[in-house]
Amino acid sequence: MYVCICNAINCKTVRHSVNNGASSVAGVFKACGKTPQCGRCFTTIREMVGDASPAHICADHAHAIAAE
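Quick note on numbering: the sequence shown equals residues 6 to 73 in our numbering.
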């Protein structure tokens with residue numbers, strides 16, 4: 006699915022950028038060699054970056070352990 010229509014950035018590309026160290030919306034654009042245009046994708050990219058952050062992963066892991 007396309008996340009950024011202006012720059013043709015899809016969710017796979019965002020995940021790849023995050024896995025390679027991008028930790029912000031600006032980092033994702035930089036990793037893709039693109040420049041933000043309209044900004045409508047910022048919320049989605051920010052959520053994808055946040056979902057991959059170590060703090061989020063640890064919170065999910067603690068939640069899973071508590072559920073056991």
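Note that CB positions come from ideal geometry on N, CA and C, so glycine has one too. These numbers come from a predicted model, not from an experiment.
- With fewer than 16 other Cβ atoms inside 10 Å of its own Cβ, C43 counts as exposed.
- Secondary structure at I10: coil, using DSSP grouped into helix, strand and coil.
- Cβ neighbours of F34 within its own chain (closer than 7 Å, five residues either side excluded): T40, P41.
- Rounded to whole angstroms, the Cβ separation of S22 and C9 is 11 Å, and the two are not in contact under 8 Å.
- F47 and N25 have their alpha carbons spaced roughly 19 Å apart.
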